[in-house]
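Structure first, then comments.
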Amino acid sequence: MLFRFGLDFTVPDKEGRPFTLTSLLGRYVVLYFYPRAGTPGCTQEARAFQELLPRFRALGAEVVGVSPDRPEALARFAHKHGLEFPLLSDGEGVLAQAYGVRAGRRLQRSTFLLDRAGVVRWAWRRVRVPGHAEEVLRTLEALAQADQAINGLIAARRAKRALRPDPLPPAAIERLVEAAHLAPSCFNNQPWRFVVAQGEKLAAVKNALPGGNYWALKSPAILAVASHPDLDCRLSDNRDYFLFDCGLAVGFLMVQATQMGLVAHPIAGYDPIAVKEALGIPKDYVLITLVVLGWPGDPAELSDKHREIELGPRVRKPLAAVLGWNSLPKEER
Ligand SMILES: Cc1cc2nc3c(=O)[nH]c(=O)nc-3n(C[C@H](O)[C@H](O)[C@H](O)COP(=O)(O)O)c2cc1C
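In terms of my numbering, the sequence shown opens at residue 545 and continues consecutively.
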């Protein structure tokens, strides 16, 4: 069981004060469940975490112990063994329930490692105490290092062209649009409008593609992204934000598609008048892009040029061409 938002809880700490776990956002959290303060196993585990606490904290992590004990018992436990990390009193089993660490009336000794966004990234169940805190520390070290790399889904996304013509479940398309719809927008205007083209409408859209986009003919569903400047902020200096916000939404959609093993390839190459007509999109709307959806297919079916791109490395200008510190990058001036 790995789930998100593992910090949406408030439980009493050892002083009996409400401790809101979301206050730990931005730090890694080692959330460890133990059955009972003061017993030999729980004491050994707590002392091991305490001993390694400076190293956990140096990696930006907080250790948090959770048990069904009452706050007074936790206060005594912490005082006796010099425990400096928070101990939470989960008497009602709210956290134990949420993390699924209850085995009947017993609590299963378990540890969860949450990342800086509160997402559970690692879980240990039926923990054996000797060597456990060290293992958690090693896992955290590896995780913290991996989190400094480019996000895996962003790195994996490509504008792939080889498509398998298998149908796409409507629920998958809806999920993609749900992800897009979570994008930020100016004043939360949500200017994006999506039209899924399927069946006859899909055929009409495909008719509006130029020869260069031949590969999109295999797509089982194409998504039109349309908007109007009035649907979003219009500020001075020509800052109409509808295009920007729709771009963010499509960005989110592509990341979600990558996670779901799908291709979501935006294109500008189409006859906008024909597509608008086919999909009933008003003339004064901007048809910003078509997103070609589908399952990854066989690159052998692509043109030589496209196969080379499909199988080749990602092409980008050097970072210095697009990133300037305190002024525009020199090359672009
Ligand atoms: C707005 C936009 C329009 C695009 N139009 C087309 C298109 O008409 N046909 C096509 O094959 N690829 C099109 N692409 C894909 C780009 O060529 C591709 O994203 C770029 O080469 C970078 O490759 P990558 O996405 O794999 O990193 C378009 C991409 C964007 C964002």
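Beta carbons: idealized from backbone N, C-alpha and C, even for Gly.
{"query": "Presumed contact (8 Å Cβ cut-off) between L823 and A765, rounded CB distance", "result": "That belief does not hold up - the Cβ atoms of L823 and A765 are roughly 13 Å apart, past 8 Å."}
{"query": "DSSP three-state assignment for I717, whether helix, strand or coil", "result": "helix"}
{"query": "Integer Cβ distance of N733 from G813, believed to fall under 8 Å", "result": "About 28 Å; that fails the 8 Å criterion."}
{"query": "Sequence ranges, alpha helix (DSSP H) only - wholly within the stretch 621–653, length at least 4", "result": "638–642"}
{"query": "Exposure label - G675; buried when at least 16 CB within 10 Å", "result": "exposed"}
{"query": "Through-space distance from T566 to I817, alpha-carbon basis", "result": "49 Å"}
{"query": "Straight-line Cα distance separating V835 from L575", "result": "41 Å"}
{"query": "Whether A955 touches E854 by CB criterion (8 Å)", "result": "Nothing about residue 955 can be reported from this structure: the residues present for the chain run from 545 to 877 only."}
{"query": "Boundaries of the alpha helix (DSSP H) in which H676 is found, first to last residue", "result": "H676 to A690"}
{"query": "CB of L627 within 8 Å of CB of D659, strictly", "result": "no"}
{"query": "Sequence-distant residues of the same chain with beta carbon closer than 8 Å to L712, five excluded per side", "result": "P764, A765, L806, L837, G838 and W839"}
{"query": "Distance between beta carbons of S654 and V645, contact taken as under 8 Å", "result": "4 Å"}
{"query": "Q803 versus I694 - alpha carbon distance", "result": "15 Å"}
{"query": "Distance cut-off 7 Å: I625 Cβ against heavy atoms of ligand 1", "result": "With the sequence shown as reference, residue 625 is identified as His, and Ile is not the correct amino acid for it. H625: no, Cβ never under 7 Å from ligand 1."}
{"query": "Per DSSP, the bridge partner or partners of W668", "result": "T655"}
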